[in-house]
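Asks: Take this structure first; my questions come after.
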Amino acid sequence: MKTISISSEYIKLDQFLKLADCVSTGGMAKALLQEGDVKVNGEVEERRGRKLYPNDIVEVTDCGSFKVTGGNQE
């Protein structure tokens, strides 16, 4: 499992998919989500705006598994 560090409190799922190099555009992220190829914490996620926080696990078909790290944890 790869880790992706964020510098803010959260990151939106579509932005995360680009940061993780799973997609190169927002349109590709939307298509990937609509196909049901993205899971967040074990559940299929279709919302591009889903907020991801540190310790969330993202699984993407044909791209890999990622753990969100960093953020402004208090």
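Mapped onto our numbering, the consecutive letters of the sequence shown carry residue numbers -4 to 69. Built from N, CA and C at the ideal position, the CB exists for glycine as well.
Going by the DSSP bridge assignment, what does Ser3 pair with across the sheet?
Replies: Per DSSP, none; premise fails for Ser3.
Asks: What residue does the beta strand (DSSP E) around Gly59 start on, and which one ends it?
Replies: It spans Gly59 to Gly65 - the beta strand (DSSP E) in which Gly59 sits, taken as one unbroken run.
Asks: To the nearest whole angstrom, what separates the beta carbons of Glu40 and Leu28, a pair I think is in contact under 8 Å?
Replies: Between Leu28 and Glu40 the Cβ distance is about 7 Å, and since that is below 8 Å, they are a contact.
Asks: Mind listing, in chain order, the continuous alpha helix (DSSP H) runs of no fewer than 4 residues lying wholly within the segment 8 to 64?
Replies: For the segment 8 to 64, whole alpha helix (DSSP H) runs of length 4 or above, ordered along the chain, are 8 to 14 and 21 to 29.
Asks: As a quick exercise: from Val18, Glu38, Ser3 and Pro49, pick the residue whose alpha carbon is nearest that of Asp57.
Replies: The option with the nearest alpha carbon to Asp57 is Val18.
Asks: Note down the Cα distance separating Ser3 from Ser60, rounded to an integer number of angstroms.
Replies: Those two C-alpha atoms are separated by around 21 Å.
Asks: Closer than 8 Å by C-beta to Arg42: which residues in its own chain qualify, once you throw out the five before and the five after it? Chain order, please.
Replies: Around Arg42: Leu8 and Leu28.
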